[in-house]
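Quick note, the sequences are listed as chains A and B, same order. With our numbering, letter number 5 in the first sequence gets 5, and the count goes up by one each step, no holes. With our numbering, letter number 6 in the second sequence gets 1006, and the count goes up by one each step, no holes. Quick reminder that beta carbons are idealized off the backbone N, C-alpha and C, glycines included. Bear in mind the structure is a predicted one, so any value in this text is a computation, not a measurement. Comments concern the structure below.
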Amino acid sequence: MYNDEVMDRYQNPVKYRRMENYNIKIDEASTTCGDKIILYVKTNGGKIEDMTWQGEGCILSMVSTDLFCENSVGRDIESVKGTDDLKFVESFPVKISPGRINCVLLPLRALRRGTKEK
Amino acid sequence: MISAHGRKKDFPIFRKKIDGKDIVYLDSTATTQKPKKVIDAIVAYYEGANANVHRSVYKLADEATELYEDSRANVANFIGSKQNEIVFTRNTTESLNLLSFTIGESLRKGDRILITSMEHHSNILPWMRLEERGVRLDYAGFDDEGHLNIEDLKSKLVKETKIVSITHQSNVLGTINPIEDIAKIVKENGSTFIVDAAQSVPHMPFRVREEYDFVAFSGHKMLGPMGIGVLYGKYDLLDSMPPFNRGGEMIKDVDFHKVIFEDPPVKFEAGTPNVEGAVGLSAAIDYLKEIGMDEVRRHEKRLTSMTLKGLDDLKSVKYYGPRDPDQRGGVIAFNVKDVSNVKRKLEGRNIKVDHFYHSHDIATFLDERNVYVRSGHHCAEPLMRTLGLSGTARASYYVYNGEEDVEAFIRSLGEIDVQR
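As structure tokens, then:
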């Protein structure tokens, strides 16, 4: 599971930074495994202009979050939120064992939870 | 005798290959594998003696009841108690909950319960629930090497302390607590003393002592089936306690508005019991007796020593608990330092100097090499908080493990360094 692509992104994430002019900030923590992420989202008319993150956790959740931020830029936020869980996991660069699916889903769930209609 | 290679031949599961390779099972602290003898005993029960126990008057039911009660006698003999002091439960958790909902119910506002910071959740949560009624829960701490702080324990043992419940061996640190000394201290204070023996009865010689009021352990952690546990209790105490669950089997007489309960231990075994489980546990005890508990302990100590030496050579691995194998069981919690994460290390103001890989990554990495370890908080979150961690990986041994398992474990861990 830990090939060069995954490890390289873990060690050199491209979207790991605080954002100042965000519209949405989401704190997500997985209490069972200790992973914590903050997502910063800047939107413009329903489109994601930029998304960055900070946090700590397992390699899979960190890499998934970084990829999620990068791949979501320019997309419609509702369509990102509507991504099918299974498809999302399948799009991860390596095959995920069933016990680790929640790690990969962390950022998608964070975005869904953090942007729920109040 | 257990050879240096363990007793895998007695355990059918080790014939299984995953991805064409042998499995290296290092998670016996969570649950143990089952020897053929245990599996055979369960099959033999269903093929030759199954009927409901303690109820019917025909011969087959007598046979089932006899098997069930013989199993109880075997458990009693194994830990040195009387047969009527052994209550069958589902597991350690249920044994401790039984106590919380019986003796715990007699506690009043201002009373205190003393446990330790190294308890499994099953020896925390049954007591924490009593805080709602104004009972105070105290925790005795442990030092940097995972030794229980006896002075701290003594200082928290006050006249209001009605119950003291302590793990004999930590399921994370591996620490073997000086339970006999603690028992004396507790009894001088007049408190009820409970031993969580889930990790000790399976791994070392264990005898019930006068100072122990209750002892809880699980069958599945000692080669027996899942769903059968044990609560030892002094007969007089069991006799004076209210029942836990109510229903079939546990009564002498029921009128429309009145009930006379059975005597212990049946009083605490409402409903059809897990006869298969009791028979399986009894077979597991026979198997362990055949080896000898001194030998079980000697074997695990040897594998533990070997592991700690191997881990000492791996610069990036940090393990927890006592350094001295005499003071710990065959369970080793550890983390692996992540020295590679340069960018975030520079950037992260809140990243600790020792930044560890997440324990799930370590477990997955080892899983890819067919080495099976547990990861996470091991149902001991207060302990993790004390250590300032969100989790650890954990390897643990039993009678089937051998030196080749230790070697595979250390070799695979070494590859983490090489890979990065």
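> Got a sec: which bits of the segment 1355-1366 of chain B sit with their beta carbon under 9 Å from any beta carbon on chain A, in order along the chain?
Replying inline: HIS1355, TYR1357, HIS1358, SER1359, HIS1360, ASP1361, ALA1363, THR1364, PHE1365
> Hey, how far is the Cα of B:LEU1238 from the Cα of B:ASN1084?
Replying inline: 9 Å
> In or out: B:ALA1004 buried (at least 16 other Cβ within 10 Å) or exposed?
Replying inline: exposed
> Candidates B:ASP1138, B:PRO1273, B:PRO1322, B:VAL1331: which alpha carbon is nearest B:HIS1299's?
Replying inline: B:VAL1331
>> Counting only C-beta atoms, is A:MET1 closer than 8 Å to chain B at any point?
In response: yes
> Would you call B:MET953 buried or exposed, if buried means 16 or more other Cβ atoms sit within 10 Å of its Cβ?
Replying inline: Coverage of chain B is limited to positions 1001 through 1420, which leaves residue 953 of chain B absent and any answer about it impossible.
> Taking any Cβ of chain A, which residues in the segment 1308-1331 of chain B have a Cβ under 8 Å from it, in chain order?
Replying inline: none
>> Less than 7 Å separating the Cβ of B:ASP1338 from some heavy atom of the ligand SAM?
In response: Summarising the ligand content, the structure contains no ligands, and the ligand SAM is consequently not present.
> Going along the chain, which residues of its own chain have a beta-carbon closer than 7 Å to the beta-carbon of A:ASP76, five neighbours each way excluded?
Replying inline: GLY46, LYS47
>> I'd like to check one pair, A:CYS69 with B:HIS1360: are the Cβ atoms closer than 8 Å?
In response: no
> Taking 8 Å as the CB-CB limit, is A:PRO107 close to chain B?
Replying inline: Chain B, which has no Cβ nearer than 8 Å to the Cβ of A:PRO107, makes this no.
> Quick one, are the C-beta atoms of B:SER1071 and B:TYR1232 less than 8 Å apart?
Replying inline: no
> Taking DSSP as the reference, what is the three-state secondary structure of B:GLY1146?
Replying inline: coil
>> Contact between the segment 1391-1408 of chain B and the segment 1128-1144 of chain B is defined here as three or more beta-carbon pairs at a separation below 8 Å; is this criterion met?
In response: no
>> Quick check: is the beta carbon of B:GLU1404 nearer than 8 Å to any beta carbon in chain A?
In response: The beta carbon of B:GLU1404 sits no closer than 8 Å to any beta carbon of chain A.
> Which residue spans inside the segment 1283-1314 of chain B form an unbroken beta strand (DSSP E) run of at least 3?
Replying inline: none
>> Tell me which residue opens and which closes the alpha helix (DSSP H) that A:VAL6 is part of.
In response: 4-11
> Mind pulling the chain B residues with CB within less than 7 Å of A:ILE101?
Replying inline: Correct list: empty, because the minimum Cβ distance to chain B is about 12 Å.
> Does DSSP put B:GLU1211 in a helix, in a strand, or in coil?
Replying inline: coil
> Since A:GLY57 meets chain B, which of its residues come closer than 7 Å, beta carbon to beta carbon?
Replying inline: HIS1358
>> In the DSSP output, which residue or residues are listed as bridge partners for A:LEU39?
In response: According to DSSP, which records beta bridges pairwise, A:LEU39 is partnered with A:ILE26, A:TRP53.
> With distances taken between CB atoms, is the gap from B:GLY1229 to B:THR1364 smaller than 8 Å?
Replying inline: no
> What does B:GLU1368 reach in chain A if we use C-beta pairs closer than 7 Å?
Replying inline: MET1
>> Using a Cβ-Cβ cutoff of less than 6 Å, which residues in the same chain neighbour B:ALA1051 once the five nearest sequence positions on both sides are dropped?
In response: LEU1060, ALA1061, ALA1064
>> Just to check my reading of the structure: B:ASN1370 and B:LYS1021 have Cβ atoms closer than 8 Å, yes? What is that Cβ distance to the nearest angstrom?
In response: 5 Å
> Which of the three DSSP states, helix, strand or coil, is assigned to B:LYS1258?
Replying inline: coil
>> DSSP has B:SER1003 in a bridge; who is on the other side?
In response: Its beta-bridge partners do not exist; DSSP assigns none.
> Count the other CB atoms within 10 Å of the CB of B:THR1116; is the residue buried (16 or more) or exposed (fewer)?
Replying inline: buried
> Within the chosen definition, does the segment 1244-1262 of chain B reach the segment 1172-1182 of chain B through at least 3 CB pairs nearer than 8 Å?
Replying inline: no
> Quick one: which chain B residues come within Cβ less than 9 Å of A:ALA69?
Replying inline: Reading off the sequence shown, one finds Cys at residue 69 of chain A, where the question assumed Ala. None at all; the shortest Cβ gap to chain B is about 14 Å.
> Shorter than 8 Å from the beta carbon of A:SER97 to some beta carbon of chain B?
Replying inline: yes
> For the 8 Å Cβ check, are there 3 or more pairs between the segment 4-20 of chain A and the segment 48-59 of chain A?
Replying inline: Yes, since at least three Cβ pairs between the segment 4-20 of chain A and the segment 48-59 of chain A fall closer than 8 Å, the two stretches touch.
> In chain B, which residues lie with their C-beta within 7 Å of the C-beta of A:GLY34?
Replying inline: Correct list: SER1390, GLY1391.
>> Distance check for B:GLY1292 and B:ILE1042, CA to CA, integer angstroms please.
In response: 22 Å
>> For a cutoff of 8 Å on Cβ pairs, would you count B:GLY1414 as touching chain A?
In response: no
> Given that a residue counts as buried once 16 or more other Cβ atoms are within 10 Å of its Cβ, and exposed if not, what is B:MET1250?
Replying inline: buried
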